[in-house]
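Counting from 14, one number per residue, gives the positions in the sequence shown under my numbering. Working notes for the structure below.
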Amino acid sequence: MEATTYVESLYSLDCNGGLNQHFQEEGSKGHKGNQEVYPKGYGNNYCQDAYKLLEDNKKDKKLLTIASEHSKNKAHGLREVLEKKIHEEGRKLGARLRQQLIGITLKYQRTNNN
């Protein structure tokens, strides 16, 4: 079971004792028979802590999702810039090679005509 699902299931229990009942049913080390080992009100604090943890996890997930989308958008933008530069440099290199080829061809023609 996922952690958030487990926390949600714990929080969905009645926080005024239902959590302690859950621990008894699950055979938790927190109980010896029917005698509670935890201080009074532990269930409420535990539920509040679990709920806060759940809310923090939801906020963290939302922030990570936003950061991930931002990174994907940035990577896409960088990829486009790189592709444009590669195309531009390739075009410049092609033009330079054509000029060199024309220069070599003209030089060869001049030497053969003389």
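Where a beta carbon is used, it is the ideal one built from N, C-alpha and C, also for glycine. Nothing here was measured: the structure is a model prediction, and the numbers come from that model.
Indicate the three-state DSSP secondary structure (helix, strand or coil) for Asn126 in the structure shown. In this structure, Asn126 counts as helix in the three-state DSSP scheme.
Label Thr118 either buried or exposed according to how many other C-beta atoms from any shown protein chain fall within 10 Å of its C-beta, with 16 as the threshold for buried. exposed
Within 10 Å of its beta-carbon, does Ala63 have 16 or more other beta-carbons around it, so buried, or fewer, so exposed? buried
Do you know how far the Cα of Ile115 is from the Cα of Gly90? 38 Å
Cα-Cα separation between Asn126 and Glu93, rounded to whole angstroms: 49 Å
At the level of alpha carbons, what is the spacing between Arg123 and Asn86? 55 Å
Can you have a look at Tyr121 and say buried or exposed, based on whether 16 or more other CB atoms are within 10 angstroms of its CB? exposed
Take Thr9 and list the residues in its own chain whose beta-carbon comes closer than 6 Å to its own, dropping the five residues that flank it on each side. Since the displayed the chain opens at 14 and closes at 127, residue 9 lies outside it and no answer follows.
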